[in-house]
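Beneath this line is the structure, given in structure tokens, with notes to follow.
Numbering (the numbering used here), first residue to last: 295 to 372.
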């Protein structure tokens with residue numbers, strides 16, 4: 295799942311080195327904390343959050359296919 299997220303994000307942002315993905319398990323879910331450079335947050339969020347929602351939908355669908363619950367949380371580095 296981490297590789298899928300990284301691939302998607304690398305194609306959205308210019309500064310690929312600023313991408314950071316951490317995963318934790320809580321309450322039976324896999325939670326992925328995604329960080330990108332603050333100046334590229336708009337590219338990840340998209341208009342009205344459409345790109346962020348699409349990324350979350352893709353990861354949830356892939357997780358469900360494997361019988362896992364997945365959540366993605368976005369934050370931005372200063």
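C-beta: ideal position from N, C-alpha, C; glycine also. What you are looking at is a predicted structure, and each value in this text was computed from that prediction instead of being measured.
Three-state secondary structure assigned by DSSP to residue i
| i | result |
| --- | --- |
| residue 302 | helix |
| residue 325 | strand |
| residue 338 | helix |
| residue 349 | helix |
| residue 316 | strand |
Buried versus exposed, by CB contacts within 10 Å (16 or more), residue i
| i | result |
| --- | --- |
| residue 351 | exposed |
| residue 328 | buried |
| residue 353 | buried |
Pair within 8 Å by beta-carbon distance, residue i and residue j
| i | j | result |
| --- | --- | --- |
| residue 331 | residue 346 | no |
| residue 367 | residue 325 | yes |
| residue 335 | residue 308 | no |
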